[in-house]
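Enquirer: One structure follows; several queries about it will come next.
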Amino acid sequence: MANPALPRPDMPGPQPVEGTRVTSTAARRSGSLLQGSGGEVPDRIFRSVMTACGLAVLGVLVLIVYELVSGSGLSWHAFGFKFFAGSEWDPVNEHFGALPFIYGTLVSSLVALVIAVPLSVGVAVFTTEMCPRALRAPLSFFVELLAAIPSVIYGLWAMFVLVPLLSGHIQPFLAKTLGWTGLFEGPPYGIGMLAAGIILAIMIVPIISSITREVLSVVPQNQREGVLALGATRWEMIRLGVLRNARAGIVGGIILGLGRALGETMAVTMVIGNSPQISRSLFAPGYTLASVLANEFSEATGDVYRSSLIEIGLALFFVTIIVNALAQLLVWTVTRGQPARGNA
Amino acid sequence: MPELARSVSGKPAVQAISWRRRITDRVMTGVAVLTVVIVLVPLFAIFGYLLYRGLGSIDWAFLTQTPKPVGEVGGGMANAIAGSALILGIASIFGVPFGIGAGIYLAEFGRNRLGRVVRFTADVLNGVPSIVIGIVAFEIVVIYQKHFSALAGGVALAIMMVPTICRTTEEMLLLVPQALREAAYGLGIPRWRTTLSITLRTATSGIITGVMLAFARVAGETAPLLFTAFGNTFWSLRYDQPTAALPLQIYVYANSPYEDWHRQAWAGSLVLIILIVTAVAAVRYAVRRGSFGTA
């Protein structure tokens, strides 16, 4: 990933702009002689059109914020902060509280992280540090292929393969061995928080592992050689020389995965059970912010109902933005200033 | 690294590696291999099951007919495939020029504060959940038109395409050697001409890669279409009418209680994944063959 904030060796920051200012005046005179096209005016038009495109990106974000804020005004006036603390979701009496959705979103994402983080870090470590070079490209291709599968297909697979597997084998086993924790009790329907967490985990593994791989490959090669020279085994080299150096970036990747999990809609909606309740057991059905939008937005009658749903969208928007910005920052602190040379 | 220092001091390095550390090393290697296996199992399970259920279900009727009334066996998803093409076409018309334009801005004029703001915005936009973008498209198009439409779906997907295209375009343009631009200026070619005919031209294959990746990403999107394009069981190729889309149809059919609709959902998924994987694989192949393969 080229980091645009950095001065590029082949393109020092202010130089091209300054340089071209000078040349374009020269170009104006000779350009008209050579081919009759050119000059200051088209240049200025071109520049403003491109700047307009850039500003449009900014405009889209402003538009999103504006639409969400103005759309959720009604619900904000009606419920205020209690909206996020109330656990009642009653469209008939127009009483809305988002707590069960917030709970469901957090818990399903947490389950996903617990499963996905060790797996993704393991895969990244294997591909950068352990695997034979010939295997490296196909392996990362396969993991990236996971990222290319649409969410709705994950959902379909989860409904017809994962859920029966869970209810038939995995959940009874978990209830028997770990039931005492209270996390795995109740009837093993298959559908519920656990299924949502597992499918989310599968979906975020490619993100976390590709960022981790990127971060690990930035760790300088002599760091590895240094630790090996001290007599470390390969695992000690990875633990002390590589993982420790890349910690911040890996955390960044994990948070980026979290951001994706929080906003993921279709696959979760198809297996989480869609029932606004808060229960300790992961076998129980739940509901997330994104799934309630998917299920109810298009048939939301009544202004307060729709406005409440938009406020849920607003909450989801802000949470994911904060999470993503944090992740970007962490990844940058690691990759900044160090060209990737370890992956050679 | 206290434990390392202790074991190294005094003894020859080779003997310093105790059996315990050696076993830890082996075990951790095993664990890493295990994680790879665990991650690849769902991948192959999903593709395998998709092929197993999908291949048997794709037939001529599926590709050429519209859905039969609820509960009847047969019919197909032809209207959804066409609808998806329409929505993606609309999305590309809006998203691609803006994305490339913003990318040009960032690469050629964006070395300042505003450029940094735009760049950060694009990255932020990339992380906005697709369903939230659906809400916004609903607010700005559906409310205005007073009904669901392909246009609304296209706008939602276009918003999702822009950040990806913008950032890849920027990256690809920055890979074009500065000397090439200077050579053009030296020949007296004005800046806009240089950017369009020299820089952009040189980076074409990379930019196409970005566009295809963005396309593949939004092609499977369902959430933003739920309340914008909405879906339709009949033929409709009008931009201002509710329109069926392949991912939407898969979702509706998967949630239905009918066995035949489940079969068609699998078939639809296979068609969708073939489209997407073909696009991604073509892109990877093109990138490896293209002039930016070393990047």
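In order, the protein sequence lines correspond to chains A and B.
Per numbering that gives the first Met the number 0, the very first residue in the first sequence carries number 0; after that it's consecutive.
Per numbering that gives the first Met the number 0, the very first residue in the second sequence carries number 0; after that it's consecutive.
All C-beta atoms in this analysis are idealised placements derived from N, C-alpha and C, irrespective of residue type, glycine included.
Predicted model, so just to flag it, every value in this text is computed and none were measured.
#1: Hey, could you find the ends of the alpha helix (DSSP H) residue 194 of chain A is sitting in?
#2: So, at 8 Å on beta carbons, what are the nonlocal neighbours of residue 60 of chain B in its own chain, with the 5 sequence-adjacent residues on each side left out?
#3: Are residue 161 of chain B and residue 208 of chain B touching if we call contact CB-CB under 7 Å?
#4: Under the rule that 16 or more other beta-carbon atoms within 10 Å means buried, what is residue 179 of chain A, buried or exposed?
#5: With DSSP as the reference, please indicate the residues paired to residue 410 of chain A in a beta bridge.
#6: How is residue 147 of chain B classed by DSSP in three states: helix, strand or coil?
#7: How many Å lie between residue 173 of chain B and residue 165 of chain A at the Cα?
#8: Taking any Cβ of chain B, which residues in the segment 62-73 of chain A have a Cβ under 8 Å from it, in chain order?
#9: To the nearest angstrom, how far is it from the Cα of residue 52 of chain A to the Cα of residue 277 of chain B?
#10: What does residue 327 of chain A touch in chain B if you count any residue whose Cβ is under 7 Å from its own?
#11: Taking only beta-carbon atoms, is residue 97 of chain B less than 7 Å away from chain A?
#12: Among B:36, B:31, B:67 and B:30, which residue has its Cα nearest to the Cα of residue 257 of chain B?
#13: If residue 202 of chain A and residue 263 of chain A are in contact, beta carbons under 8 Å, what's the gap, nearest whole angstrom?
#14: Give the secondary structure of residue 119 of chain B by DSSP, where H, G and I count as helix, E and B as strand, and everything else as coil.
#15: Quick one: which residues of the segment 195-225 of chain A get their C-beta closer than 8 Å to a C-beta of chain B? List them in chain order.
#16: Work out the CA separation of residue 203 of chain B and residue 80 of chain B for me, nearest whole Å.
#17: I want to verify the contact list: residues of chain A whose CB lies under 8 Å from the CB of residue 221 of chain B, in sequence order.
#18: Quick one, which of B:253, B:122 and B:152 has its alpha-carbon nearest residue 135 of chain B's?
#19: Exposed or buried, residue 92 of chain A, counting other C-beta atoms within 10 Å across all chains shown (16 or more means buried)?
#20: Tell me, to the nearest whole angstrom, how far the beta carbon of residue 286 of chain A is from that of residue 100 of chain A; I am working on the premise that it is less than 8 Å.
#21: Go ahead and label residue 300 of chain A buried or exposed: buried means 16 or more other beta carbons lie within 10 angstroms of its beta carbon, across all protein chains shown.
#22: To be precise: take each residue of the segment 91-120 of chain B, compare its Cβ to all Cβ atoms of chain A, and keep it if any distance is under 9 Å. Which residues remain?
#23: With H, G and I counted as helix, E and B as strand and the rest as coil, what does DSSP make of residue 66 of chain B?
#24: Count the other CB atoms, across all protein chains shown, that sit within 10 Å of the CB of residue 192 of chain B; report buried if there are 16 or more and exposed otherwise.
#25: By how many angstroms is the C-alpha of residue 122 of chain B removed from the C-alpha of residue 59 of chain A?
#26: Is it right to say residue 146 of chain B is buried, meaning 16 or more other beta carbons lie within 10 angstroms of its own, or is it exposed?
#27: Would you mind sorting residue 124 of chain B into buried or exposed? The rule is 16 or more other CB atoms within 10 Å of its CB.
#28: According to the neighbour-count rule (16 or more other Cβ atoms, all chains shown, within 10 Å of its Cβ), is residue 126 of chain B buried or exposed?
#29: Taking only three categories from DSSP, how would you classify residue 326 of chain A?
#30: Given that residue 50 of chain A touches chain B, what residues does it touch there, using C-beta distances under 7 Å?
#31: Note down, in chain order, each residue of its chain lying with its Cβ closer than 6 Å to the Cβ of residue 83 of chain B, except the 5 sequence neighbours on either side.
#32: Could you list the residues in the segment 228-256 of chain A with a C-beta less than 7 Å from some C-beta on chain B, going in chain order?
#33: According to DSSP, residue 229 of chain B sits in a beta bridge with which residue or residues?
#34: In or out: residue 329 of chain A buried (at least 16 other Cβ within 10 Å) or exposed?
#35: Residue 29 of chain A to residue 187 of chain B, Cα distance in whole Å?
#36: Bridge partners for residue 74 of chain B per DSSP, in chain order?
Expert: Taking the definition as stated:
#1: 192-217
#2: 73, 74 and 75
#3: no
#4: exposed
#5: With chain A running from 0 to 343 in the structure shown, residue 410 of chain A is simply not present.
#6: coil
#7: 49 Å
#8: 62, 63, 66, 67 and 70
#9: 30 Å
#10: 122
#11: yes
#12: B:67
#13: 6 Å
#14: helix
#15: 201, 204 and 208
#16: 29 Å
#17: 149, 150, 151, 264 and 265
#18: B:152
#19: exposed
#20: 5 Å
#21: exposed
#22: 96, 97, 98, 99, 100, 101, 102, 103, 104, 105, 106, 107, 108, 109, 110, 111, 113, 114, 115, 116, 117, 118, 119 and 120
#23: strand
#24: buried
#25: 13 Å
#26: exposed
#27: buried
#28: buried
#29: helix
#30: 104 and 108
#31: 244 and 245
#32: 229, 230, 231, 232, 233, 234, 235 and 239
#33: B:242
#34: buried
#35: Interpretation of residue 29 of chain A is limited by its pLDDT of 47, a score under 50 that renders its predicted location unreliable; the figure taken from the coordinates is listed afterwards. Distance between the alpha carbons of residue 29 of chain A and residue 187 of chain B is about 6 Å.
#36: B:66
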